[in-house]
Amino acid sequence: MIGDPATLWHATARPLAGLPTLSGAAESDLLIIGGGFFGLSTALHAAEAGLSVTLIEAHRIAWGASGRNAGFVVPNFARVDPDAIRAADGAQGERLIALAAGSSDLVFDLVRRHGIDCDAGQTGWIQPSHSDAAFSKAQSRVRQWSGLGRPVEVLNRAHVAQLTGVPGWRGGWIDWSGGVLNPVAYARGLAAAAAKAGARLHEESPVTNLQRQGADWLVTTPAGRITARRVILATNAYVGPLWPQLAQSFFPLRVFQVATESLPQSVRARLLPGGQAVSDSRRNLFTFRFDAQNRLISGGMHVVSIGAAARLPRTIHRRLARFLDLPDLPPLAFSWSGMASVMPDFLPRLVELAPNLIAGFACNGRGIAMTTAMGRELAGWALGQDITSLAVPVRPATKIPFHGLARFAPNALLPFGNVRDRLEARSKSE
Ligand SMILES: Cc1cc2nc3c(=O)[nH]c(=O)nc-3n(C[C@H](O)[C@H](O)[C@H](O)COP(=O)(O)OP(=O)(O)OC[C@H]3O[C@@H](n4cnc5c(N)ncnc54)[C@H](O)[C@@H]3O)c2cc1C
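Residues -16 to 413, numbered by my numbering, are exactly what the sequence shown covers, in order.
Put into C-alpha cells, the structure is as follows:
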C-alpha cells in the first residue's frame, strides 16, 4: 500500500497510530468508503447517534484531498451566491445555503468539542477583489450573506491592504467565521473522535467490490468483507474504477500546493497579521496563508500536465514573491498536489447510486467546511431521515458529455481566464 503523501501537513501533524486493515467478515448498520473529512465526519456523527459504523480507507486517513489541501475553512460556495441558489432551487436551495452558512462554525465547534490539536484559528476568510466588477460582486455577496445573519463585512481598498499587508486590490470582503487549520491534524482528530464514539476504522483496505445481497450491501476488500444496510461512497475524486459512472460525473482537477521555509518575524508582522486565509477573486485564484511556523502557503493549477510537478511549484513561488513584494522569499520546503472534484455549477452533490448507496462529492475548493457539514447530514440519512429532506440535493449521477476530453477543460481554459483576469485588473476605477 502507499504511505502518507509528502505534504507539509503530514510532516507536521501529530501522528495517528496505524489502524487495522479489515480482515474476516463483519456486519455494520453503516459502511463508509473513504477516510477523508466527508467519511470521517459521517462516521463521527453516526456513531455518536448510536449506529454501528465501519469506515474503510484504501490507504491512510487523510490520504486523499483532505490531507493535501490548503487548510482554508470557507463557509460559502465558489462563484455561486445565495440569491441564485434560492432562485434555482427554492426551499431545497434554502437548506443548502443554511448548511454552507453554518459549516465553518461546525468545523471549529468540532475542533473545540473534541479537543483536536490542529493549529485551528477562526480568524476569517478574505476574498480581495481584483477588479471593480469583482468589488461590486463582493458587496452583493456581503448583502446576501449578512441577510442570513453571517458575520461578513465589505472591506474597502485600505482595509484589505491593512488586513493582508498587500496594496493594490480594489476592496473585498471577509467572512469572520472562516479560518485556517492543519487539515491532516483535523482529519486525524476526527478519526480519533469517531473511534472513541464507537466507529470501527480500517486503513490500507481498498474496497474492490460492492454488490447487493438481498436488502443489504456486501463490501469486499482483499482480506475482508462487511455486510451493511447502508453504504456511503466518500471517495471524492479518488473513486477510480470502483464505480466508473461516478468518476465520469465530475471534472477531476489536479491542484498544486507549496509551502516555503519559515519567514522572518519582521516580514510575518507585515503580511496577514491576523492570520486569515486569503483567496482573491481571479479566475486563476491567488491564495495565501501562513502555518503555525510562519511558512507561507499557496497553490495553483497547471495548463500542461507534462512536467507540471517540477514546473508548477517554481511558478507558484515566483507568483508569491511578485504579488507579496518579497524579493527574498525563502525557498520552498514542501510541494505536493491533490485531486479535487469540480462541477460545472460549482455546487456540491449527493448521488443515490442505488437503494441505500449514496455518494457525495464536488465541494469545489470548499470541502473542509462543506464535507464536514455534509457528513452530519448523511448521518441523519443513515438514521432514517428521508433522502428528499437532506440539505444537499440528491441527484442522479449524470455523465458529463465527452468526459474523456471534457475532463481537461478546467486546465485548458486557464490561459483564457488569466487573460481576462489581467484585462479586468488593468481597467481603471472611476
Ligand atoms: C490541492 C487542493 C487544495 C484544496 N484546498 C482546499 C482548501 O483550502 N479549503 C477547502 O475547503 N477545500 C480545499 N480543497 C478541497 C477539499 O480538500 C476536498 O473537498 C475535501 O478534502 C474532500 O474530502 P472527501 O472526504 O470528500 O474526499 P478525500 O479527502 O479525497 O478522500 C477520499 C478517500 O477515499 C479513499 N478511497 C478511494 N477509493 C477507495 C476504495 N476503493 N476503497 C477505500 N477507500 C477509497 C481515498 O484513498 C481517499 O482517502 C482542496 C483540494 C485540493 C486537491
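Glycine included, C-beta positions come from ideal geometry on N, C-alpha and C.
Roughly how far, in whole angstroms, is the beta-carbon of residue 2 from the beta-carbon of residue 37, given that I think they are within contact range, below 8 Å? If you number the sequence shown from 1, residue 2 lands on position 19. If you number the sequence shown from 1, residue 37 lands on position 54. Going by Cβ atoms, the distance from residue 2 to residue 37 rounds to 11 Å, so no, they are not a contact pair.
What did DSSP end up calling residue 72 once you bin it into helix, strand or coil? Here residue 72 corresponds to residue number 89 of the sequence shown, with the count starting at 1. Three-state result, residue 72: helix.
Cross-strand partners of residue 201 (DSSP beta bridge): In the sequence shown, residue 201 corresponds to position 218, counting from 1. Partner(s): 194 and 210.
Return the residue from the list 292, 119 and 205 that minimises the CA-CA distance to residue 7. Residue numbering aside, residue 7 sits at position 24 when the sequence shown is read from its first letter. Comparing Cα positions, the closest option is 205.
Hey, is the region 212 to 224 in contact with the region 118 to 132, meaning 3+ C-beta pairs nearer than 8 Å? no
Nonlocal neighbours in the same chain, by C-beta distance under 6 Å from residue 131, ignoring five residues either side: Here the question's residue 131 lines up with position 148 in the sequence shown. Hits under 6 Å: 84.
By the three-class DSSP mapping on this structure, what secondary structure does residue 183 have? Counted from its first residue, the sequence shown places residue 183 at position 200. Correct three-state label for residue 183: strand.
In whole angstroms, what is the alpha-carbon distance linking residue 457 and residue 170? For the chain, the structure presents residues -16 to 413; residue 457 sits outside this window and is missing.
Exposed or buried, which one is residue 102 when buried takes at least 16 other CB atoms within 10 Å? The residue you call residue 102 lines up with position 119 of the sequence shown. Here residue 102 is buried, its C-beta having at least 16 other C-beta atoms within 10 Å.
Alpha carbon to alpha carbon, how far is residue 110 from residue 259? As a first step, residue 110 is located in the sequence shown; it is residue number 127 there, counting from the start. As a first step, residue 259 is located in the sequence shown; it is residue number 276 there, counting from the start. Approximately 10 Å between the Cα atoms of the pair.
Determine the contact status of residue 107 and residue 72, defining contact as a CB-CB distance below 9 Å. In the sequence shown, residue 107 corresponds to position 124, counting from 1. In the sequence shown, residue 72 corresponds to position 89, counting from 1. Cβ distance not < 9 Å, so residue 107 and residue 72 don't count as in contact.
Could you tell me how far apart the beta carbons of residue 148 and residue 309 are, in whole angstroms, since I believe they sit closer than 8 Å? The count along the sequence shown starts at 1 and reaches residue 148 at position 165. The count along the sequence shown starts at 1 and reaches residue 309 at position 326. Residue 148 to residue 309, Cβ: 10 Å. No contact.
Taking 8 Å as the cut-off, does the CB of residue 42 come closer than this to any heavy atom belonging to ligand 1? Sequence index remark: in the sequence shown, residue 42 carries index 59 (1-based). The answer is yes for residue 42.
Cβ separation of residue 184 and residue 174, assumed to be a contact under 8 Å, to the nearest whole Å: The count along the sequence shown starts at 1 and reaches residue 184 at position 201. The count along the sequence shown starts at 1 and reaches residue 174 at position 191. The Cβ separation is near 6 Å, so the contact holds.
Distance between residue 311 and residue 357 (C-alpha atoms, nearest Å): One-based indexing of the sequence shown puts residue 357 at position 374. One-based indexing of the sequence shown puts residue 311 at position 328. If you take the alpha carbons of residue 357 and residue 311, they lie about 42 Å apart.
At a cut-off of 8 Å, is residue 188 close to ligand 1 when judged by its beta-carbon and the heavy atoms of the ligand? In the sequence shown, counting from the first residue as 1, residue 188 sits at position 205. Checking every heavy atom of ligand 1 against the Cβ of residue 188, one is found closer than 8 Å.
Whose CA, out of 195, 333 and 337, lies closest to the CA of residue 79? Counting from one through the sequence shown, the residue named residue 79 turns up at place 96. Minimum Cα distance to residue 79 is reached at 333.
For the region 287 to 306 against the region 12 to 28, are there 3 or more C-beta pairs whose distance is under 8 Å? no
Taking only the alpha-carbon atoms, compute the straight-line gap between residue 422 and residue 401 and give it to the nearest angstrom. Nothing in the structure corresponds to residue 422, since the chain is present only between -16 and 413.
Going by beta carbon distance, what residues of the same chain come within less than 6 Å of residue 41, once the five residues before and after it are set aside? Start at 1 with the first residue of the sequence shown, and residue 41 comes out as number 58. Correct list, in chain order: 189.
Candidates 55, 100 and 325, of which the one nearest residue 232 by Cα: The residue labelled residue 232 in the question sits at position 249 within the sequence shown. Nearest of 55, 100 and 325 to residue 232, Cα basis: 325.
Chain-order list of residues whose beta-carbon lies under 6 Å from that of residue 413 (same chain, five-residue window excluded): The residue given as residue 413 occupies position 430 in the sequence shown. Unreliable positioning characterises residue 413 in this predicted model, as indicated by a pLDDT of 41, which lies under 50. A coordinate reading is not provided.
With a threshold of 8 Å (Cβ to nearest heavy atom), would residue 169 be considered close to ligand 1? Within the sequence shown, numbered from 1, the residue matching residue 169 stands at position 186. Because no heavy atom of ligand 1 lies under 8 Å away, the Cβ of residue 169 does not count as near it: no.
For residue 378, which residues does DSSP report across the bridge? Stepping through the sequence shown from its first residue, residue 378 is reached at position 395. Residue 378 pairs with 334.
First and last residue of the alpha helix (DSSP H) that includes residue 393? Taking the sequence shown and counting its residues from 1, one reaches residue 393 at position 410. Unbroken alpha helix (DSSP H) run through residue 393: 392 to 395.
Residue 349 beta carbon near ligand 1 (any heavy atom closer than 8 Å): Residue 349 sits at position 366 when you count from the first residue of the sequence shown. Short note on residue 349: C-beta closer than 8 Å to some heavy atom of ligand 1.
To the nearest angstrom, how far is it from the Cα of residue 61 to the Cα of residue 82? The sequence position of residue 61 within the sequence shown is 78, counting from 1. The sequence position of residue 82 within the sequence shown is 99, counting from 1. Their backbone Cα atoms lie some 14 Å apart in a straight line.
Round the Cβ separation of residue 300 and residue 237 to the nearest angstrom and send it over; I've been treating them as touching at under 8 Å. Here residue 300 corresponds to residue number 317 of the sequence shown, with the count starting at 1. Here residue 237 corresponds to residue number 254 of the sequence shown, with the count starting at 1. The Cβ separation is near 18 Å, so there is no contact.
For residue 297 and residue 43, what's the separation of their Cα atoms in angstroms? As a working mapping, residue 297 is identified with position 314 in the sequence shown. As a working mapping, residue 43 is identified with position 60 in the sequence shown. Approximately 29 Å, taken between the alpha carbons.
Hey, out of 369, 365, 375 and 378, whose CA is closest to residue 34's CA? Numbered from its first residue, the sequence shown carries residue 34 at position 51. Of the residues 369, 365, 375 and 378, the one whose Cα lies closest to the Cα of residue 34 is 365.
Is any heavy atom of ligand 1 found at a distance shorter than 8 Å from the C-beta of residue 238? Translated into positions along the sequence shown, residue 238 becomes position 255. Yes, the beta carbon of residue 238 sits closer than 8 Å to at least one heavy atom of ligand 1.
State the Cα-Cα distance for the pair residue 77 and residue 372, rounded to the nearest angstrom. The sequence position of residue 77 within the sequence shown is 94, counting from 1. The sequence position of residue 372 within the sequence shown is 389, counting from 1. Cα to Cα, the separation comes out at about 12 Å.
In chain order, what residues of the same chain lie with their CB nearer than 6 Å to the CB of residue 203, ignoring the 5 residues before and after it? Stepping through the sequence shown from its first residue, residue 203 is reached at position 220. If we look at residue 203 and ignore the five residues flanking it on each side, its Cβ neighbours are 191 and 192.
7 Å Cβ shell around residue 75 - same chain, five flanking residues per side excluded: For the purposes of this step, residue 75 is identified with residue 92 of the sequence shown, where counting begins at 1. Taken in chain order, the residues that qualify are 376.
Which residue wins for smallest C-alpha separation from residue 320, given the options 47, -3 and 243? Position 337 of the sequence shown holds residue 320. When each option's Cα is compared against that of residue 320, the closest is 47.
Where residue 395 and residue 367 are concerned, what is the direct C-alpha to C-alpha distance, given to the nearest angstrom? In the sequence shown, the residue the question calls residue 395 occupies position 412. In the sequence shown, the residue the question calls residue 367 occupies position 384. Rounded to the nearest whole angstrom, the C-alpha separation of residue 395 and residue 367 is 43 Å.
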